[in-house]
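Chains as they are written, first to last, in numbering that gives the first Met the number 0: chain A, 0 to 77; chain B, 0 to 77; chain C, 0 to 146; chain D, 0 to 146. We put the beta carbon where it would ideally sit given N, CA and C, even for glycine. None of these values were measured; they are calculated from a predicted model. Structure record follows, encoded as structure tokens.
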Amino acid sequence: MKVTLKYFGVIAESAGKSEEVLELEQGLSLRELKDQQIKTYQIQDAGSVQIAVNQNLNNEVELKEGDEVAFLPPFAGG
Amino acid sequence: MKVTLKYFGVIAESAGKSEEVLELEQGLSLRELKDQQIKTYQIQDAGSVQIAVNQNLNNEVELKEGDEVAFLPPFAGG
Amino acid sequence: MDKKKPKKVFVQGAIPPEKIANSIANHQSKTNIGAHSIFLGQIRADEIDGKMVSAIEYSAYEDMAERVFHEIREAAFSKFDITCAHIYHSLGQVKTGELCLFVFTSSAHRKIAIEACNYFVEEIKANVPIFGKEIFEDETHQWKVNT
Amino acid sequence: MDKKKPKKVFVQGAIPPEKIANSIANHQSKTNIGAHSIFLGQIRADEIDGKMVSAIEYSAYEDMAERVFHEIREAAFSKFDITCAHIYHSLGQVKTGELCLFVFTSSAHRKIAIEACNYFVEEIKANVPIFGKEIFEDETHQWKVNT
């Protein structure tokens with residue numbers, strides 16, 4: 000299945016990109032995807048990374064074709 | 000002793016004046032002065048009237064020559 | 000900073016929105032500020048016994064009021080770590096929809112600016128001898144009481 | 000009132016003080032309003048490890064941010080009896096001393112306007128995916144984290 004990954008802030012800086020489309024094997028969990036990308040791009044301070052699936056921080060979902068998965072560093076608005 | 004009385008808001012309206020200088024007999028208490036003026040001018044809602052002596056709401060003072068005694072209706076700033 | 004300078008609080012008539020923009024612009028050189036909190040009082044067209052308020056005419060025991068404003072400032076600066084604080088209050092007539100009170104506090108941190116602003120507003124309402132005559136559209140009036 | 004209209008929150012660069020004056024002026028026809036509460040975030044020239052911050056460059060997950068802003072508005076209107084609420088947040092570079100956040104709430108009564116304003120500020124800080132790069136005078140940078 001195809002999913003779009005988006006990276007922001009310091010994570011985009013580590014990844015050297017702000018977006019990519021990956022072909023994932025069916026059944027890969029969100030947790031596995033997160034760990035995999037954190038390792039690939041050596042993202043620091045992994046505990047502070049939040050994941051949004053289709054703009055939603057609730058991560059109790061199964062990944063499916065066409066999902067947009069965003070890797071979010073700590074928020075700094077205001 | 001001479002004291003200056005000042006009236007504000009609805010009290011000035013009742014009194015028909017905003018200021019007057021009275022010659023009071025020595026020893027007149029603030030409470031007596033207040034009661035007397037409230038009666039003289041038929042000031043309504045007497046319980047809500049605050050008195051400031053020389054701009055101070057602390058009324059535990061004896062009146063003396065030259066004092067400025069203000070009759071203040073409820074505050075409405077802001 | 001500008002703590003000790005005596006400040007003129009009262010302005011004649013409504014407070015124009017431009018005054019607020021100017022106050023804000025004047026603080027852009029103070030780069031130790033991280034947060035501003037502003038409170039604005041606006042005259043409401045209340046309906047009382049079937050009549051609409053069209054304006055409030057403010058008067059004050061001015062000397063005492065300026066003194067109390069100063070005391071509130073002193074207390075605020077000792078309670079809160081604010082960099083600046085400004086207060087303006089109208090005297091005379093202010094029409095419905097216009098502004099009668101402008102409180103402006105600044106601090107490095109948001110919570111301090113916000114708490115200090117609230118402190119000023121509550122203290123002003125409770126302790127400053129300002130009086131308000133609510134003028135109705137038919138030109139009768141009644142005296143306003145803070146609740 | 001203007002509750003349901005989708006609102007554009009992000010503005011490019013700093014928020015000018017005139018925008019605040021204009022927003023205030025636009026509310027002078029709403030005579031059911033008695034109080035406005037405004038919060039402004041300003042960029043501080045913090046010193047970090049001996050280097051001075053000269054600007055913050057904001058970026059955001061914009062689609063999600065606009066959606067979260069909308070949810071915060073909906074929640075605020077259901078929690079607080081406010082007549083209007085406006086939020087503006089900068090994207091891109093904002094220099095020290097300039098404004099990056101403008102929250103503006105209005106109500107018949109002061110406490111409601113103030114509480115709603117605080118609610119917006121806290122919700123925005125906690126829940127909106129906005130990211131800030133603190134740029135130092137020597138052009139190095141670090142990533143800001145809300146505390």
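For residue i, the first and last residue of its enclosing beta strand (DSSP E)
i	result
Tyr6(A)	Lys1 to Tyr6
Ala59(D)	Lys50 to Ala59
Phe70(A)	Glu67 to Leu71
Ser106(D)	Leu98 to Ser106
Phe135(D)	Ile129 to Phe135
Phe38(D)	Ala34 to Gln41
Val52(B)	Gln49 to Val52
Glu22(A)	Glu18 to Glu22
Phe9(D)	Phe9 to Gln11
Gln141(C)	His140 to Trp142
With 16 other Cβ atoms within 10 Å as the buried cut-off, status of residue i
i	result
Lys143(D)	buried
Ala184(D)	Residue coverage of chain D in this structure runs from 0 to 146, which leaves residue 184(D) outside it and unanswerable.
Ile47(D)	exposed
Met63(C)	buried
Gly8(A)	buried
Thr30(C)	buried
Thr82(C)	buried
Gly15(A)	exposed
Phe43(C)	Residue identity differs from the one stated: residue 43(C) is Arg in this sequence, not Phe. Per the 10 Å Cβ criterion, buried.
Asp1(C)	Note that Asp1(C) scores 49 on pLDDT, short of 50, meaning its location in the model is unreliable; the coordinates nonetheless yield the value given after this. Its Cβ having fewer than 16 others within 10 Å, Asp1(C) is exposed.
Val60(B)	exposed
Val93(C)	buried
Lys5(A)	buried
Gln41(C)	buried
Phe20(A)	According to the sequence as given, residue 20(A) is Val; it is not Phe. The residue in question, Val20(A), is exposed, as its Cβ has fewer than 16 Cβ neighbours within 10 Å.
Gln25(B)	exposed
Gln43(A)	exposed
Gly49(D)	exposed
Arg72(D)	buried
Gln41(A)	exposed
Ile70(D)	Note on identity: in this sequence residue 70(D) is Glu, with Ile being the wrong assignment. With fewer than 16 other Cβ atoms within 10 Å, it is exposed.
Ser28(C)	exposed
Glu114(C)	buried
Contacts that residue i makes with chain E (C-beta to C-beta distance below 7 Å)
i	result
Pro16(D)	Absent from the structure is chain E; the protein chains it does hold are A, B, C and D.
Residue range of the alpha helix (DSSP H) that includes residue i
i	result
Leu29(B)	Leu29 to Thr39
Lys18(D)	Pro16 to Ala24
Ala84(D)	No alpha helix (DSSP H) holds Ala84(D); the beta strand (DSSP E) holding it covers Ile81 to Lys94.
Lys124(D)	Arg109 to Asn126
Short Cβ contact (8 Å threshold) for residue i with residue j
i	j	result
Ala54(D)	Leu90(D)	no
Thr3(A)	Glu67(A)	yes
Cys99(D)	Ile37(D)	no
Glu136(D)	Met51(D)	yes
Leu56(B)	Leu27(B)	no
Ala13(C)	Glu97(C)	yes
Ile32(C)	Ala84(C)	no
Ala112(C)	Ala34(C)	yes
### Query
Going along the chain, which residues of the region 48-65 of chain D sit with their C-beta nearer than 7 Å to a C-beta in chain A?
Ser58, Tyr60, Asp62 and Met63
### Query
What residues in the region 26-46 of chain C bring their beta carbon closer than 8 Å to a beta carbon of chain D?
His26, Gln27, Ser28, Lys29, Thr30, Asn31, Ile32, Gly33, Ala34, His35, Ser36, Ile37, Phe38, Leu39, Gly40, Gln41, Ile42, Arg43 and Ala44
### Message
Can you pull out the residues from the region 100-127 of chain C whose beta carbon lies closer than 8 Å to at least one beta carbon of chain B?
### Response
Leu100, Val120, Ile123, Lys124, Ala125, Asn126 and Val127
### Task
Please name the residues in the region 75-96 of chain C whose beta-carbon is closer than 8 Å to at least one beta-carbon of chain D, in chain order.
Thr95 and Gly96
### Three or more C-beta pairs below 8 Å linking the region 19-34 of chain C and the region 33-49 of chain B
no
### Query
For the region 55-75 of chain A against the region 128-135 of chain D, are there 3 or more C-beta pairs whose distance is under 8 Å?
Contact between the region 55-75 of chain A and the region 128-135 of chain D is present, with at least three C-beta pairs closer than 8 Å.
### Query
Got a sec: which bits of the region 34-56 of chain A sit with their beta carbon under 7 Å from any beta carbon on chain D, in order along the chain?
Ala51 and Gln54
### Query
Taking Cβ-Cβ distances below 7 Å as the criterion, which residues of the region 64-77 of chain A are in contact with chain D?
Ala69, Leu71, Pro72, Pro73, Phe74, Ala75, Gly76 and Gly77
### Query
Residues in the region 126-146 of chain C with C-beta within 8 Å of chain B's C-beta atoms, listed in sequence order?
Asn126, Val127, Pro128, Ile129, Phe130, Gly131, Lys132, Trp142, Lys143, Val144 and Asn145
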